Amino acid sequence: MKIVTGNDLKTGAVVWWDGEGWSKYVNSAADVGAGGEAIIAREEGARRVFAAYVIDGERNADGVRPSHIKERIRALGPTVRMDLSLKPGDPDASNWVI
Amino acid sequence: MVEVQFRFRDDEIAGDPAVTVDAFLTQTNATAVRIEPGDDARALLPFLERLQLIEVSFPAWTDGRGYSSARVLREAGYQGELRAVGDVVIDMLSHLRRCGFDAFAPEHGLNEADAQAAFERWDNVYQATGDGRAAIWAKRHG
Amino acid sequence: MYKYDQYDQQMVDTRVEEFRDQVRRRLDGSLTEDQFRPLRLQNGLYLQLHAYMLRVAVPYGTLNSQQMTLLGDIADKYDRGYGHFTTRQNIQYNWIKLEETPDILADLATVEMHAIQTSGNCIRNISSDQYAGAAADEIVDPRPYAELLRQWSSFHPEFLTLPRKFKIAVIASETDRAAMKLHDIGIQMVRNAAGEIGARFFVGGGMGRTPMIGPMIRDFVPLDQLVTYCEACLRVYNRYGRRDNKYKARIKILVHELGKDEYTRQVEEEFAHLLTQDIEPPLAELERIKAHFVDPPFEAGASDDLDLSDPDFRLWVERNCAPHKQAGYIVATVSLKPVGGIPGDATSDQIRLMAKLARDYSFDELRVTHAQNIVFPHVRKADLYAVWKALDEAGLGTANLDMVGDIIACPGLDYCSLANARSIPVAQKISERFGSAEKQAEIGELKLKISGCINACGHHHAGHIGILGVDKKGTENYQLLFGGSEGADTSLGQITGPGFDEEGIVAAVETTTNVYLRERQQGERFLDTYRRIGMAPFKEALYG
Chain A
1 MKIVTGNDLK TGAVVWWDGE GWSKYVNSAA DVGAGGEAII AREEGARRVF AAYVIDGERN
61 ADGVRPSHIK ERIRALGPTV RMDLSLKPGD PDASNWVI
Chain B
1001 MVEVQFRFRD DEIAGDPAVT VDAFLTQTNA TAVRIEPGDD ARALLPFLER LQLIEVSFPA
1061 WTDGRGYSSA RVLREAGYQG ELRAVGDVVI DMLSHLRRCG FDAFAPEHGL NEADAQAAFE
1121 RWDNVYQATG DGRAAIWAKR HG
Chain C
2001 MYKYDQYDQQ MVDTRVEEFR DQVRRRLDGS LTEDQFRPLR LQNGLYLQLH AYMLRVAVPY
2061 GTLNSQQMTL LGDIADKYDR GYGHFTTRQN IQYNWIKLEE TPDILADLAT VEMHAIQTSG
2121 NCIRNISSDQ YAGAAADEIV DPRPYAELLR QWSSFHPEFL TLPRKFKIAV IASETDRAAM
2181 KLHDIGIQMV RNAAGEIGAR FFVGGGMGRT PMIGPMIRDF VPLDQLVTYC EACLRVYNRY
2241 GRRDNKYKAR IKILVHELGK DEYTRQVEEE FAHLLTQDIE PPLAELERIK AHFVDPPFEA
2301 GASDDLDLSD PDFRLWVERN CAPHKQAGYI VATVSLKPVG GIPGDATSDQ IRLMAKLARD
2361 YSFDELRVTH AQNIVFPHVR KADLYAVWKA LDEAGLGTAN LDMVGDIIAC PGLDYCSLAN
2421 ARSIPVAQKI SERFGSAEKQ AEIGELKLKI SGCINACGHH HAGHIGILGV DKKGTENYQL
2481 LFGGSEGADT SLGQITGPGF DEEGIVAAVE TTTNVYLRER QQGERFLDTY RRIGMAPFKE
2541 ALYG
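Protein chains in written order, with the working numbering: chain A, 1 to 98; chain B, 1001 to 1142; chain C, 2001 to 2544.
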């Protein structure tokens, strides 16, 4: 699947396009097909996000998994500070990254 | 030709179109020249007397060679108009002034109020750059 | 240390207002991201993996307790309770919001701090010897010269859009504790035959993709020409540094491609011209700055005795303390490398504690080191035990300075948008593998440095052992290097061979130290043994 990700302009938070708006959870990411660049142009133009781009990923039983490790770290948080990640209570969460 | 939006001179704007440095060096009557980032401003030094306008081109404002070109020309005594042309942005206006530019022709017109604020931003400066402003160290030991 | 006057304060305050205006124009759409990016970078504001990151300047690594306290408070107020001390002697925060950044800068300005030129293609924060003003081996305190150049380089109108970033270091002793020759300009303050102080210039060093040791281009620049000479070096670079390829845009490539002699000739020609332009501050300005760096009121006749009966304290003194020029005093380094910890990170409470200890026991001064540690430069030996006790209780008493556990590591792929591999987990695993004090003592001095990409923020080229993280078909892979050094004997590490995965690189480091322990002769550090016996015995053990 094709996913659009970027950062919230005011806060810098990592966000994923869910088909209607921006979510901080990668599992909400929508498959944008060939429409990614149009979404980026519109959303950056409206200054809701910046530094947006299209990445590859796949949806499986556990949710959405970006293809590249960098995007998986963006989706989760720093693996060395899981207390600051989106899954602070899950001791195995960092294994998802690798 | 792009319009001059800001000018800090009282003389008439030169009428001749600016020619390239290469063309200028072979034309003995040209009075206006345009320096691209890769040009050596020092090639013009023998001809400063007859030059009324030197345009310094900024294809991208992040290419800072034009700042050195401007200072080289002013340090050599050039008194004519020194015009920044191209991708001239608000946030660099005061720095361009400090390097000797006295006219600005941004390819996209700048917001007047923001530009005026930028020109007037710095009450003091840390360096002597030959623009007539006293550096902070000079004020400290004046 | 240096104290702002009305002019310095006004410059910083004006910058806060300028940046506030730039943020306003970004948020209202007057500036696109492409237009805003270079502006925010010149103010130390990056976009990293998880958020904006703000890098705050610590000029030549010197701080007072009020500044350090505020750094801790900023971590709580605007970030997530911690900060990361960097190899440029700065501090950076990882979870910053754009809309709050002007307020952070305003807070910083209240204690004479800022984020000016901590990124971008301009002259960056000037680094120096972390022991400046305290070291027994310096000929002068290098910081007044660094401060002179800080002011000259701040908002220098000609040099804000250089081909690439530009880093200057100033030292004043033969022992180089600042990796001076690995800077765009390295300046060593020296004394000439006539007894005068001047500056020796090394230009074109650097790490990154193409590591180079900067050649000396001038043996002695008189103090009343220092700024002018720097301006000449920078102008030649600004005019002729490559702009067609960002990987070839650093001054080291210009110096290399022109050749040292031709670059020097051009600088000297520009210098001769600039000497006619009256751009040099008068020596009175240097004297004014120097007056800020006079010795603190040391207690005459302070005792040189140290009670070393506590074995843990004794170990810390032996590892982490250095001789002071003043009898009865000592230089103490706080390691930010606890076993298994994140190199260079400190919590807001730890930052404030270090501030308090500096206020009470180090004449209100701290230093940030390029090895990501903190220094108390002037501790009375009689107070040292109390200092260590307080540090130890806060998890800051690790005794491992310059040992294998004192790892330099960049933030890597856990935080950095440029990284190819994670650095911190590798550092943590090595630190744990060599966690015991006995094991580290047996190995002795061993500087290990890890970068998560070729940009080399973790100084891997200069590590006795260096590790470089690379992306190998989507998985993290780590190359091993030996033989780097950043001191007076600066050398660049050589890659051993094929890379390793994360577990493999940790094991490879242990294999390496085992070869060293087997092969070493009396008194040799790892680096000495490697230089004597070469790569072959290590390769044999690593790759069989």
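By construction, the Cβ of each residue, glycine as well, lies at the ideal position given by its N, Cα and C atoms. This one's a predicted model, so the numbers in the text were calculated from it and none came from an experiment.
- Item | Option nearest ILE2450 of chain C by Cα separation, candidates C:ALA2399, C:MET2212, C:VAL2255, C:ALA2371 | C:ALA2371
- Item | GLY2474 of chain C: contacting residues in chain A (beta-carbon distance under 9 Å) | SER67, HIS68, ILE69
- Task: Count the other C-beta atoms from every protein chain shown that fall within 10 angstroms of the C-beta of ASN7 of chain A, then say buried if there are 16 or more, exposed otherwise.
- Result: buried
- Item | Inter-residue CB distance, LEU2162 of chain C and CYS2122 of chain C (contact presumed, cutoff 8 Å) | 6 Å
- Query: Which residue's Cα is closest to the Cα of ASN2358 of chain C: C:TYR2131, C:VAL2515, C:PRO2377, C:ASN2373?
  - Reply: Here residue 2358 of chain C is Ala; the residue named in the question, Asn, does not match the sequence. That would be C:PRO2377, whose Cα lies nearest to the Cα of ALA2358 of chain C.
- Query: If ARG1083 of chain B sits next to PHE1101 of chain B, beta carbons under 8 Å apart, how far is it from one beta carbon to the other, in whole angstroms?
  - Reply: 7 Å
- Helix, strand or coil: which one does DSSP assign to ASP18 of chain A? coil
- Message: At a CB distance below 7 Å, what residues from the segment 2030-2042 of chain C approach chain A? Give them in sequence order.
- Response: GLU2033
- Item | Inter-stretch contact at 8 Å, needing at least 3 Cβ pairs: the segment 2242-2250 of chain C / the segment 2191-2201 of chain C | no
- Alpha carbon to alpha carbon, how far is SER28 of chain A from VAL4 of chain A? Give it in angstroms, no decimals. 11 Å
- Task: Hey, could you find the ends of the alpha helix (DSSP H) THR2511 of chain C is sitting in?
- Result: 2502-2519
- Query: Would you say ASP2005 of chain C reaches chain B, if we count a Cβ-Cβ gap shorter than 9 Å as a contact?
  - Reply: yes
- Sequence-distant residues of the same chain with beta carbon closer than 6 Å to VAL1004 of chain B, five excluded per side: ALA1103, ALA1105
- Task: Can you have a look at GLU1012 of chain B and say buried or exposed, based on whether 16 or more other CB atoms are within 10 angstroms of its CB?
- Result: exposed
- Task: Determine, using beta carbons only, whether MET2113 of chain C comes closer than 9 Å to chain B.
- Result: no
- Query: So which of C:LEU2031, C:ASN2238, C:VAL2140 has the shortest CA-CA distance to LEU2270 of chain C?
  - Reply: According to the sequence shown, residue 2270 of chain C is Glu rather than Leu. Checking every option, the nearest Cα to that of GLU2270 of chain C belongs to C:ASN2238.
- Quick one: is ARG74 of chain A near chain C, going by C-beta distance under 9 Å? yes
- Can you name the start and end residues of the beta strand (DSSP E) that GLU2365 of chain C belongs to? 2365-2368
- Message: Please list, in chain order, the chain C residues whose beta carbon lies closer than 8 Å to that of TYR1078 of chain B.
- Response: Correct list: empty, because the minimum Cβ distance to chain C is about 14 Å.
- Message: Would the segment 2478-2488 of chain C count as touching the segment 2390-2407 of chain C if we require 3 or more Cβ pairs under 8 Å?
- Response: no
- Chain-order list of residues whose beta-carbon lies under 7 Å from that of PRO2537 of chain C (same chain, five-residue window excluded): VAL2515, GLU2519
- Query: When DSSP builds the beta bridges, which residues end up paired with ASP2345 of chain C?
  - Reply: C:HIS2084
- Query: Do you know offhand how far ASP2184 of chain C's Cα is from PHE2159 of chain C's?
  - Reply: 14 Å
- Task: Figure out for me which residue from C:GLY2397, C:GLU2033, C:LEU2353 has the closest Cα to the Cα of ASN2320 of chain C.
- Result: C:GLY2397
- Cross-chain neighbours of ARG42 of chain A in chain C, by beta carbon under 7 Å: The contacting residues do not exist; ARG42 of chain A stays about 14 Å from chain C at best.
- Message: Determine, for LYS10 of chain A, whether the minimum Cβ-Cβ distance to residues of chain C falls below 9 Å.
- Response: yes
- Three or more beta-carbon pairs under 8 Å between the segment 1020-1037 of chain B and the segment 1064-1084 of chain B, yes or no? yes
- Item | Span of the beta strand (DSSP E), counted from its first residue to its last, around PHE1058 of chain B | 1053-1058
- Message: So, for LEU2226 of chain C: in the same chain, excluding its five sequence neighbours on each side, which residues have a beta-carbon less than 6 Å away from its beta-carbon?
- Response: ALA2199
- Message: Contact criterion: CB-CB distance below 9 Å. Does SER1057 of chain B meet it with respect to chain C?
- Response: no
- Task: For TYR2229 of chain C, name the three-state secondary structure that DSSP assigns.
- Result: helix
- Item | Sequence-distant residues of its chain with Cβ nearer than 7 Å to SER2491 of chain C (five each side left out) | GLY2483, GLY2484, SER2485
- Residues near PHE1119 of chain B by beta carbon distance below 8 Å, same chain, minus five either side: PHE1006, LEU1093, SER1094, ARG1097
- Counting contacts by CB-CB distance shorter than 9 Å, is PRO1106 of chain B in contact with chain C? no
- Item | Bounding residues of the alpha helix (DSSP H) (the contiguous stretch that carries HIS2256 of chain C) | 2251-2258
- Message: Is the separation between the beta-carbon of ASN2090 of chain C and that of VAL2058 of chain C shorter than 9 Å?
- Response: yes
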